[in-house]
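Q: Starting off with a structure, shown below.
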Amino acid sequence: MLAGLLRSLSDDVAIDLGTENTRVAVAGRGVIVSEPSVVAVDLGTRRIAARGLAVGHLAKQIEGRTPSDIEVRHPVREGVIADFQLCEAMLRILLGKTRQSRLRLPPRAVVGLTQTATEVERRAIFNSVARAGARKVFGWSKAMAAAVGVGLPVAEPTASAICDIGAGTAEIAVVSLGRVVAARSVRIGGQVFDQALCDHLKRHRRLRVGLPSAEQLRIAHGAAQSDDDEARAEVAGVDAATGLPRTLAVSRAEMAQALAEPLRKLADAVREVVESLGIELAADLARHGLTLSGGAAQLARLDRFLSDQLGIPVQLAVDPAGAVIRGLLTCAEHLDAWKSALVSVH
Ligand SMILES: Nc1ncnc2c1ncn2[C@@H]1O[C@H](COP(=O)(O)OP(=O)(O)OP(=O)(O)O)[C@@H](O)[C@H]1O
Ligand SMILES: [Mg+2]
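Using my numbering, you'd call the opening residue of the sequence shown number 1417 and step up by one each time.
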C-alpha cells in the first residue's frame, strides 16, 4: 500500500546519459529533456557558471566563445562518467526540468548501462543519478533499450540484432526471448570518426582541422563507402607547414577512405558477435538482419557498407538517435513488472 502511495506521488523517469547528449523521459509524458552533456564551470569560484544553471544547451552556447574565466567541460567520455561531481550537478538540473511540482516526491529512475561497464563505472552512474535526486535507481542495458526503442521483437524466440553508434561508443547486441544472448561494446563512435578524419587530412593533405569542423564535414558530406570523386565539400583549417589558414575541397570517396579504419573495426566487432551465436540464431539474422541506431549511425551508406561486410541485411532505424531513450522510457513505464530483470544496488 505504501509502495502504491509513493508511486502516485512520484514519477518514474528514464535517463540516457550519453557522451554527447543526455536525454530524460518521464513515464506517461515522453521525452522531456534532450541536451548536450556539457557543463560550464566558472574557474574563479569553481562552481557551475550562470548561478549554477550553465549545463546542457546553455553551456553549449558558451562553448567556443567562453570568457577566459569560464571553461566548458564534458563530464561523460566514451560512455562513462569522467567527472563524477559535474555529472551529478548536470543530472540534478536536467532531472529538475522534468519535475512538475515541488510537492512531488523524488522519482524512481531507469538508467542505461553499456555492456562493458565495470562494477566501479556502474556504481558511479547509480550514485550520480541517486545524488542528483532519484529515490531509487535501476540499470538496464543500453543495447536492449535501443532494441526495444526501434521496435525489434525482443520477446520472441527469434534473434534480433542491434548496433547503437553514439558519439563515444557502439553498443552491439543480439537479443532473443527478452534477453541479451551476445553483446559487445566498442569505443567507436562519432568522435573516433572525427579524429580519423582530422588525422587523414593532416597526414595526406597537410591541413590541420579542428574536431568541430571535422564533425560538421562528416555530418554534411561523410560516407562509409563511395567512389564519388566529383561532389566535394569545403573544410577550413590551418596549413600544417605554413600555419596559415586555408580551405580544402574533400570528395565523398576521400571521406570514406579517411573513415575506413574505424569502420573496419566496427564491422569486425559486429562480426565477432554474430560468429559467437549458435547456428539457429545466426540463421535468424540472415533473414532479419541488423538494425542501426544512435546519432552516428546516420553516416551515409553505413547500412550498405556493413551489409557488404557481414553478408546480412542492415537497416537504419527511424529516429535513430532517440532509440535508447525510447526503450528506457518503455522500461520506466513498466517498471513494476520489469524491475526484477533490472540491475539495482539500493
Ligand atoms: N545527421 C547525422 N549524420 C551523421 N552523424 C550524426 C548526425 N547527427 C548527429 N550525428 C552524430 O551523432 C553523435 C551523437 O549521437 P548520440 O546522441 O546517439 O550519442 P550519445 O548517446 O551522446 O553517445 P554515446 O551513446 O556514445 O555515449 C555525434 O557524434 C554526432 O556527430
Ligand atoms: Mg547513446
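Glycine residues also receive a C-beta, built at the ideal position from the N, C-alpha and C atoms.
(1) Return the Cβ separation of residue 1602 and residue 1575 in integer angstroms, given the expectation that the two are a contact with Cβ distance under 8 Å.
(2) Report the residue from 1500, 1444 and 1525 whose alpha carbon sits nearest the alpha carbon of residue 1759.
(3) What are the start and end residues of each continuous alpha helix (DSSP H) run of 4 or more residues lying completely inside the segment 1497-1532, in chain order?
(4) Under a Cβ-count criterion, where at least 16 other Cβ atoms within 10 Å of its own Cβ denotes burial, should residue 1661 be classed as buried or exposed?
(5) Hey, would you say residue 1712 sits closer than 8 Å to residue 1630, going by beta carbons?
(6) Taking the continuous beta strand (DSSP E) assigned at residue 1664, which residues delimit it?
(7) If you follow the beta strand (DSSP E) that residue 1777 is part of, which residue opens it and which one closes it?
(8) In three-state terms, what does DSSP make of residue 1732?
(9) Thinking C-alpha only, which one of 1426, 1558 and 1567 is nearest residue 1600?
(10) If you compare alpha carbons, which of 1754, 1633 and 1498 is closest to residue 1664?
(11) Along the chain, where does the alpha helix (DSSP H) containing residue 1468 start, and where does it finish?
(12) Going by the C-beta, is residue 1608 closer than 7 Å to any heavy atom of ligand 2?
(13) Tell me which residues share the same chain as residue 1746 and place their Cβ nearer than 6 Å to its Cβ, disregarding the 5 neighbours each side in the sequence.
(14) If you count every other CB in all the chains shown that lies within 10 Å of the CB of residue 1461, and 16 or more means buried, which is it?
(15) Between the alpha carbons of residue 1471 and residue 1424, how many angstroms are there, rounded?
(16) Taking one C-beta from the segment 1485-1498 and one from the segment 1446-1460 each time, how about it: are there three or more such pairs within less than 8 Å?
(17) Thinking residue 1678 and residue 1581 are a contact (beta carbons under 8 Å), I'd like their distance in whole angstroms, please.
(18) With H, G and I counted as helix, E and B as strand and the rest as coil, what does DSSP make of residue 1453?
(19) Where does residue 1592 sit, in a helix, a strand or coil, going by DSSP?
(20) Tell me the residue span of the beta strand (DSSP E) that contains residue 1557.
(21) Here's the rule: buried if 16 or more other CB atoms are within 10 angstroms of the residue's CB, otherwise exposed. What is residue 1434?
(22) Where the beta carbon is closer than 5 Å to any heavy atom of ligand 2, which residues qualify, in chain order?
(23) Taking residue 1553 as the reference, which of 1429, 1726 and 1739 has the closest Cα?
(24) Among residues of its own chain, excluding the 5 on either side of residue 1650, which ones have a beta-carbon nearer than 6 Å to its beta-carbon?
A: This is what the structure holds:
(1) If you number the sequence shown from 1, residue 1602 lands on position 186. If you number the sequence shown from 1, residue 1575 lands on position 159. At roughly 20 Å, the Cβ-Cβ gap does not stay under 8 Å, so residue 1602 and residue 1575 are not in contact.
(2) For the purposes of this step, residue 1759 is identified with residue 343 of the sequence shown, where counting begins at 1. When only C-alpha atoms are compared, the closest one is 1525.
(3) 1500-1512
(4) Position 245 of the sequence shown holds residue 1661. Flag for residue 1661 reads exposed.
(5) Locating residue 1712 in the sequence shown gives position 296, where the first residue counts as 1. Locating residue 1630 in the sequence shown gives position 214, where the first residue counts as 1. No, Cβ-Cβ distance for residue 1712 and residue 1630 is not below 8 Å.
(6) Taking the first residue of the sequence shown as 1, we reach residue 1664 at position 248. Counting along the chain, the beta strand (DSSP E) containing residue 1664 begins and ends at 1661-1667.
(7) A question about residue 1777 goes unanswered here, because the residues of the chain that appear run from 1417 up to 1762.
(8) In the sequence shown, the residue the question calls residue 1732 occupies position 316. Residue state, collapsed to three classes: strand.
(9) Locating residue 1600 in the sequence shown gives position 184, where the first residue counts as 1. Of the candidates 1426, 1558 and 1567, the one whose C-alpha sits nearest the C-alpha of residue 1600 is 1558.
(10) Locating residue 1664 in the sequence shown gives position 248, where the first residue counts as 1. When each option's Cα is compared against that of residue 1664, the closest is 1633.
(11) As a first step, residue 1468 is located in the sequence shown; it is residue number 52 there, counting from the start. Here the alpha helix (DSSP H) through residue 1468 covers 1465-1468.
(12) Position 192 of the sequence shown, counted from the first residue, corresponds to residue 1608. No, Cβ of residue 1608 sits at least 7 Å from all heavy atoms of ligand 2.
(13) Counting from one through the sequence shown, the residue named residue 1746 turns up at place 330. Excluding sequence neighbours, residue 1746 sits near 1564.
(14) Start at 1 with the first residue of the sequence shown, and residue 1461 comes out as number 45. By the neighbour-count rule (16 or more Cβ atoms within 10 Å), residue 1461 is not buried but exposed.
(15) Locating residue 1471 in the sequence shown gives position 55, where the first residue counts as 1. Locating residue 1424 in the sequence shown gives position 8, where the first residue counts as 1. Computed Cα separation, rounded: 30 Å.
(16) yes
(17) On the sequence shown, residue 1678 is found 262 positions in, with the first residue counted as 1. On the sequence shown, residue 1581 is found 165 positions in, with the first residue counted as 1. Wrong, their Cβ atoms sit about 10 Å apart, outside the cutoff.
(18) Against the sequence shown, residue 1453 aligns to sequence position 37. Coil.
(19) Translated into positions along the sequence shown, residue 1592 becomes position 176. Looking at residue 1592 - three-state DSSP - the assignment turns out to be strand.
(20) In the sequence shown, the residue the question calls residue 1557 occupies position 141. Taken as a continuous stretch (DSSP letters only), the beta strand (DSSP E) holding residue 1557 covers 1552-1557.
(21) Taking the first residue of the sequence shown as 1, we reach residue 1434 at position 18. It is buried - the Cβ of residue 1434 has at least 16 other Cβ atoms within 10 Å.
(22) 1434 and 1582
(23) Taking the sequence shown and counting its residues from 1, the one referred to as residue 1553 is at position 137. It is 1429 whose Cα lies nearest to the Cα of residue 1553.
(24) For this step, residue 1650 is matched to residue 234 along the sequence shown. Around residue 1650: 1663 and 1665.
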